[in-house]
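**Student:** Take a look at this one; I'll ask things after.
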Amino acid sequence: ALWDTRALAPLRPADPPAREAGHVLPGRPARPVLKPPQQVPSRKPFTVEGLAALLHAVCHIEFNAINLALDAVWRFDGMPPAFYEDWLRVAHEEAHHFSLLNALLVRMGFAYGDFDAHDGLWQMCEKTAHDVVARMALVPRTLEARGLDATRLIQYKLRRAGTPHAVDAVAILDIILRDEVGHVAIGNHWYGYLCAQQGLAPLPHYRQLVRQYQAPRLRPPFNTDARRRAGFSADELAYLQGDGL
679 ALWDTRALAP
689 LRPADPPARE
699 AGHVLPGRPA
709 RPVLKPPQQV
719 PSRKPFTVEG
729 LAALLHAVCH
739 IEFNAINLAL
749 DAVWRFDGMP
759 PAFYEDWLRV
769 AHEEAHHFSL
779 LNALLVRMGF
789 AYGDFDAHDG
799 LWQMCEKTAH
809 DVVARMALVP
819 RTLEARGLDA
829 TRLIQYKLRR
839 AGTPHAVDAV
849 AILDIILRDE
859 VGHVAIGNHW
869 YGYLCAQQGL
879 APLPHYRQLV
889 RQYQAPRLRP
899 PFNTDARRRA
909 GFSADELAYL
919 QGDGL
């Protein structure tokens, strides 16, 4: 694998070029059609199409997560080699998740791109393009960490649906949840590293970034066990619950 060669430095531009007007994100397919989140209908897994739409939504998250990890590698120069190794590994695992979900969609008679989706994850990526601290705080530790909370709720709905494809989806989400704990832990690690390097208090600075970038407010229930395993401190968990406000 490329990251095992330690040959990454020559591949990273010292000053990534700015996005030009009309620039299309590399690797972004023509479909799915992207709409504002409020225009994407809710998905309930109790019909074949409803289940496919729900799986497509998760598949879209995994697709964006591939690009998010690779963007961190490409965009932020001057980090330790382990930073690039970590995010390349994340991209590889996110691609595996995407492949598992898309294969299930294909077995159901659908494919990635067949349903509308929204671009909330990537919009935060663009908003934090100039600041690696903000990126680590608000993408892996905030938006992607929401998946730690949401997965159990999705699995509950899938178990209620009880169809063979829904059962297959539960097993795939077990894999995704296991790996996502590690991905969020990587974000926590590098956020803590950067705060230490820059003399920032992690929790107060995080609260400042949430306000500055208008990050979505996270709502319970929280998967506190998964969040602890991903490296969230007791103070951070109290903040999430509202006790630290």
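Sequential numbering of the sequence shown, starting at 679, is according to our numbering.
For every residue, glycine included, the Cβ atom is placed at its ideal position computed from N, Cα and C.
Along the chain, where does the alpha helix (DSSP H) containing residue 783 start, and where does it finish?
**Tutor:** Start and end: 759 to 785.
**Student:** What residue does the alpha helix (DSSP H) around residue 753 start on, and which one ends it?
**Tutor:** Run containing residue 753: 726 to 753, per the alpha helix (DSSP H) assignment.
**Student:** Would you call the segment 836 to 849 in contact with the segment 801 to 812, where contact means no fewer than 3 C-beta pairs closer than 8 Å?
**Tutor:** With the cut-off at 8 Å, the segment 836 to 849 and the segment 801 to 812 do not touch.
**Student:** From which residue to which residue does the alpha helix (DSSP H) around residue 799 run?
**Tutor:** Taken as a continuous stretch (DSSP letters only), the alpha helix (DSSP H) holding residue 799 covers 798 to 805.
**Student:** Which same chain residues end up closer than 7 Å to residue 881 when comparing Cβ atoms and leaving out the 5 residues on each side of it in sequence?
**Tutor:** So the list reads 913, 914 and 917, once near-sequence residues are dropped.
**Student:** Just tell me which of 827, 875 and 879 has its CA closest to the CA of residue 903.
**Tutor:** For residue 903, the nearest C-alpha among the options comes from 827.
**Student:** Using DSSP with H/G/I as helix, E/B as strand and the rest coil, what is residue 881?
**Tutor:** In the structure shown, residue 881 sits in a helix (DSSP, three-state: H, G or I).
**Student:** On the premise that residue 829 lies in contact with residue 854, defined as a C-beta separation below 8 Å, what is that separation, rounded to the nearest angstrom?
**Tutor:** Confirmed, about 7 Å.
**Student:** Based on DSSP bridge pairs, tell me the residues matched to residue 712.
**Tutor:** Beta-bridge pairing links residue 712 to 795.
**Student:** Any contact between the segment 716 to 732 and the segment 750 to 765? By contact I mean 3 or more CB pairs, one from each, below 8 Å.
**Tutor:** No: fewer than three Cβ pairs fall under 8 Å.
**Student:** In angstroms with no decimal places, state the Cα-to-Cα distance between residue 838 and residue 831.
**Tutor:** If I take the Cα positions, the gap works out to 11 Å.
**Student:** Going by beta-carbon coordinates alone, are residue 779 and residue 850 separated by less than 8 Å?
**Tutor:** In contact: residue 779 and residue 850 (Cβ atoms closer than 8 Å).
**Student:** Cutting at 7 Å between CB atoms, please list the residues of its own chain near residue 738, excluding the five before and the five after it.
**Tutor:** Cβ neighbours of residue 738 beyond the five flanking positions: 710 and 795.
**Student:** With DSSP as the reference, label residue 901 as helix, strand or coil.
**Tutor:** Coil at residue 901, not helix or strand.
**Student:** Identify which residue in 858, 717, 815 and 775 has its Cα closest to the Cα of residue 733.
**Tutor:** Residue 775 is the option with its Cα nearest to residue 733.
**Student:** Can you look up residue 722 in the DSSP assignment and give me helix, strand or coil?
**Tutor:** Residue 722 falls in the coil class under three-state DSSP.
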